[in-house]
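First the structure, in the form of structure tokens, and then the observations on it.
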DNA sequence: GTTACGACCTGCGAGC
DNA sequence: TGCTCGCAGGTCGTAA
């Protein structure tokens, strides 16, 4: 489950490998990987030069020299790999992009096909930055220098829903998935089913601080990897899974109070929490 | 306008 | 050994 730290690891790796390179060919091996693309992907990309690599939340995009961008979302199992042309194809290779310098090619590999690539026009956001039109509804993420803490707290407390549901709402705050939602709530001693309206400003601010901390910690360790699905552009795994306090810890003692961590179903997924530290 | 929920998809492990 | 079923979960479309 690539969340913000994992996507940022990928962005940094891509930036080293694709900036200023010109696309020579595009090969789509699975149509579902380009289901959100309007028109042929190759026609939109061939001959275009990549300027840099940008990110908002879990979305990555490569601004191109014609004012458009190649947008990527990794979904649950997507990988963007830089591979030598001679390297054997991955089992779940979906899209291959070659560059005119003949160097390493960019491969989009995705087992569960929840991720995908598309091109989009770049439009201005609320601060004058340029973002793909398809993702203007995605909120800034907590590591974005322009993230507005006070506005987030206001909108969070104004919502009529549960706190974990709000954390996973990418239109409110982006980049948080199931893993870091559970970790942030554990650090904040909040149960995910707590009503957003009942959260004080101070508690909401504390929660936001923990969201930032857990993401920063994960980023420093190369992200969270449970298996070979979650890797950087060189196919290497991160180590943050060894630092998790709640997610995946069902049956283990809470690192704070020793109470057994429990799991419950919530929003068609699993939530992990300490029943003593995080009371509903 | 806001919220909730089902569908999408594939590989793996458990159970029979 | 082989089959079935549940589980993992991010995003979007639709219903309420």
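Numbering (our numbering), first residue to last: 14 to 293.
No residue lacks a Cβ here, since even glycine has one placed at the ideal position from N, Cα and C.
Pairwise C-alpha distance: residue j and residue i
i, j, result
"residue 38", "residue 59", "6 Å"
"residue 114", "residue 27", "16 Å"
"residue 223", "residue 56", "44 Å"
"residue 266", "residue 286", "11 Å"
"residue 206", "residue 184", "19 Å"
"residue 175", "residue 156", "23 Å"
"residue 275", "residue 191", "15 Å"
"residue 22", "residue 227", "15 Å"
"residue 109", "residue 65", "19 Å"
"residue 52", "residue 158", "35 Å"
"residue 147", "residue 117", "28 Å"
"residue 94", "residue 219", "36 Å"
"residue 280", "residue 45", "25 Å"
Residue i burial status per 10 Å Cβ neighbour count (16 or more: buried)
i, result
"residue 68", "buried"
"residue 209", "buried"
"residue 18", "buried"
"residue 129", "buried"
"residue 82", "buried"
"residue 141", "exposed"
"residue 132", "buried"
"residue 278", "exposed"
"residue 149", "exposed"
"residue 245", "buried"
"residue 290", "buried"
"residue 171", "exposed"
"residue 91", "buried"
Nearest residue (CA-CA) to residue i, options the options
i, options, result
"residue 264", "288, 217 and 179", "288"
"residue 272", "292, 281, 135 and 280", "292"
"residue 249", "260, 173, 235 and 262", "235"
"residue 42", "123, 169, 153 and 22", "123"
"residue 24", "163, 15, 247 and 73", "73"
"residue 35", "20, 112 and 99", "112"
Run of the beta strand (DSSP E) containing residue i, from where it starts to where it stops
i, result
"residue 118", "118–123"
"residue 67", "67–69"
"residue 179", "Residue 179 -> not in any beta strand (DSSP E); alpha helix (DSSP H) instead, spanning 176–180."
Residue range of the alpha helix (DSSP H) that includes residue i
i, result
"residue 193", "191–201"
"residue 126", "It is not in any alpha helix (DSSP H) - residue 126 carries neither H nor E in the DSSP assignment."
"residue 227", "214–233"
"residue 82", "Run containing residue 82: none in the alpha helix (DSSP H); it sits in the beta strand (DSSP E), 81–86."
Secondary structure of residue i, DSSP reduced to three states
i, result
"residue 142", "coil"
"residue 23", "helix"
"residue 18", "helix"
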